[in-house]
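Asks: I'd like to ask you about the structure that follows.
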Amino acid sequence: MLTDVLSVDLAKALAAVDGWLSDYIRQPHSELGRPGPVCPFVEPAQRADALEIRVRLVGPTPSQTLIDEIVRCGLDEFSEVDWRAGNPNLRSLLLVLPDLPAEHLHLLDAAHSALKPESVRRGLMIAQFHEKCREKAARNPRFEVSYAPVPMMAVRSMAIHDVLFLADRREWFEEYASRFGARYRASGHGIDPLLTEVYERARTVHGTGS
Numbered sequence: 023m024l025t026d027v028l029s030v031d032l033a034k035a036l037a038a039v040d041g042w043l044s045d046y047i048r049q050p051h052s053e054l055g056r057p058g059p060v061c062p063f064v065e066p067a068q069r070a071d072a073l074e075i076r077v078r079l080v081g082p083t084p085s086q087t088l089i090d091e092i093v094r095c096g097l098d099e100f101s102e103v104d105w106r107a108g109n110p111n112l113r114s115l116l117l118v119l120p121d122l123p124a125e126h127l128h129l130l131d132a133a134h135s136a137l138k139p140e141s142v143r144r145g146l147m148i149a150q151f152h153e154k155c156r157e158k159a160a161r162n163p164r165f166e167v168s169y170a171p172v173p174m175m176a177v178r179s180m181a182i183h184d185v186l187f188l189a190d191r192r193e194w195f196e197e198y199a200s201r202f203g204a205r206y207r208a209s210g211h212g213i214d215p216l217l218t219e220v221y222e223r224a225r226t227v228h229g230t231g232s
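Counted the way the working numbering counts, the sequence shown spans residues 23 to 232.
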């Protein structure tokens, strides 16, 4: 189905995304359960020109297959971007879906669940954001942190703190440990005590990451 691009105010949508990044994501929040901005990587990523935004139009009746494919292609695109930033840890790709109808926002949640295993295998993390998103903050399960005025999916490189999101499933934790386990084994590693606690607990449960 073709989308009438003229029916979507792209400038308004992108302005809303920019405002969300500046006024919410880059700011501290009392409900986070930790100091610092909602996402501490966004400001340095923007300074390093490492945040790429792509618009994907889906039409009034998108299917789950379409949304899944957009996210899957986003994983491919992440590795194909001619990144200007030298630090790979700052690289982030935002897939903005400005015309995704409110009654279909759940498709983003389902796409996240379906594509997370593939993203983790690639050393990437994905996260959905929209007006009805119920994802909770890692350190405060009462705070629905992933609100956004425009539907989007973020793709970024896996980072040390992602043990908070990858400890529950063995295959996810194994991927994480293969990338970051050596840092935990280093003496005086300086890693957040909570991350160390979660890592060691997962290592015990899954019998891996040693």
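Yeah, the Cβ is synthetic: ideal placement off N, Cα and C, and Gly gets one too.
Quick one: Cα of Pro215 to Cα of Pro62, how far?
Replies: Locating residue 215 in the sequence shown gives position 193, where the first residue counts as 1. Locating residue 62 in the sequence shown gives position 40, where the first residue counts as 1. Roughly 18 Å between the two C-alpha positions.
Asks: For the structure I just gave you, are there three or more beta carbon pairs, one from the segment 130-137 and one from the segment 91-109, closer than 8 Å?
Replies: At 8 Å Cβ cutoff, the stretches touch.
Asks: Just verifying my parser: in three-state terms, what is the DSSP assignment at Thr25?
Replies: As a first step, residue 25 must be located in the sequence shown, where it is residue number 3. Since pLDDT at Thr25 reaches only 48, below the 50 mark, its modelled position is unreliable, and the value read off the structure follows with that caveat. Thr25 falls in the coil class under three-state DSSP.
Asks: Between Tyr221 and the rest of its own chain, which residues show a CB-CB distance below 6 Å, the 5 nearest in sequence each way excluded?
Replies: Looking up residue 221 in the sequence shown gives position 199. Here the set comprises Val185 and Tyr206.
Asks: Please report the Cβ distance between Tyr60 and Val167, rounded to the nearest whole angstrom; I am assuming they are in contact, meaning their Cβ atoms lie under 8 Å.
Replies: For the purposes of this step, residue 60 is identified with residue 38 of the sequence shown, where counting begins at 1. For the purposes of this step, residue 167 is identified with residue 145 of the sequence shown, where counting begins at 1. Position check: residue 60 holds Val in this sequence, whereas Tyr was assumed. About 7 Å; that satisfies the 8 Å criterion.
Asks: Between the Cα of Arg164 and those of Ser29, Glu53 and Trp42, spot the shortest distance and give me the residue it belongs to.
Replies: Against the sequence shown, residue 164 aligns to sequence position 142. For Arg164, the nearest C-alpha among the options comes from Glu53.
Asks: Quick check on the burial criterion: 16 or more other C-beta atoms within 10 angstroms. Buried or exposed for Pro173?
Replies: Residue numbering aside, residue 173 sits at position 151 when the sequence shown is read from its first letter. That one is buried.
Asks: Going by Cα to Cα distance, which pick from His126, Phe100 and Glu65 is closest to Thr83?
Replies: Position 61 of the sequence shown, counted from the first residue, corresponds to residue 83. The shortest C-alpha separation from Thr83 is found at His126.
Asks: Rounded to the nearest angstrom, how far is the Cβ of Met180 from that of Leu146, given a contact under 8 Å?
Replies: Position 158 of the sequence shown, counting from 1, holds the residue named residue 180. Position 124 of the sequence shown, counting from 1, holds the residue named residue 146. Their Cβ separation, rounded to whole angstroms, is 6 Å, which keeps Met180 and Leu146 in contact under 8 Å.
Asks: Run through the segment 77-146 for me and flag every whole beta strand (DSSP E) of 3 or more residues, listed as ranges in chain order.
Replies: Runs found: 114-118.
Asks: If you count every other CB in all the chains shown that lies within 10 Å of the CB of Val227, and 16 or more means buried, which is it?
Replies: In the sequence shown, counting from the first residue as 1, residue 227 sits at position 205. Exposed, since its Cβ has fewer than 16 Cβ neighbours within 10 Å.
Asks: So Ser200 is in the alpha helix (DSSP H); what residue range does that whole segment cover?
Replies: On the sequence shown, position 178 is the one that residue 200 refers to. That run of the alpha helix (DSSP H) goes Arg192 to Arg207.
Asks: Excluding the five sequence neighbours on either side, which residues of its own chain have a C-beta within less than 7 Å of the C-beta of Asn162, listed in chain order?
Replies: One-based indexing of the sequence shown puts residue 162 at position 140. These residues qualify, in order along the chain: Glu53, Leu54 and Gly55.
Asks: Taking all protein chains shown into account, decide if Leu24 is buried (16 or more other Cβ within 10 angstroms of its Cβ) or exposed.
Replies: Position 2 of the sequence shown, counting from 1, holds the residue named residue 24. Reliability fails at Leu24, whose pLDDT of 44 lies under 50, so the model's placement of it is uncertain and the value that follows must be treated cautiously. Looking at its Cβ environment, which holds fewer than 16 other Cβ atoms inside 10 Å, Leu24 is exposed.
Asks: By DSSP, does Ile213 sit in helix, in strand, or in coil?
Replies: Translated into positions along the sequence shown, residue 213 becomes position 191. Coil.
Asks: Taking His11 as the reference, which of Pro171, Leu73, Ala170 and Thr218 has the closest Cα?
Replies: In the structure displayed, the chain extends from 23 to 232; residue 11 sits before or after that span and is not available.
Asks: Could you tell me the boundaries of the alpha helix (DSSP H) in which Ala35 lies?
Replies: Taking the first residue of the sequence shown as 1, we reach residue 35 at position 13. Element bounds for Ala35: Leu32 to Trp42.
Asks: The alpha helix (DSSP H) spanning Phe187 covers which residue range?
Replies: Within the sequence shown, numbered from 1, the residue matching residue 187 stands at position 165. Phe187 -> alpha helix (DSSP H) spans Val185 to Leu188.
Asks: Mind checking who Gln150 pairs with in its DSSP beta bridge?
Replies: The residue you call residue 150 lines up with position 128 of the sequence shown. Met175.
Asks: Pull up the distance between the alpha-carbon of Tyr169 and that of Tyr198, whole angstroms please.
Replies: Translated into the one-based positions of the sequence shown, residue 169 becomes position 147. Translated into the one-based positions of the sequence shown, residue 198 becomes position 176. Their backbone Cα atoms lie some 26 Å apart in a straight line.
Asks: Which residue wins for smallest C-alpha separation from Ala33, given the options Ala208, His152, Asp104 and Val118?
Replies: For the purposes of this step, residue 33 is identified with residue 11 of the sequence shown, where counting begins at 1. Checking every option, the nearest Cα to that of Ala33 belongs to Val118.
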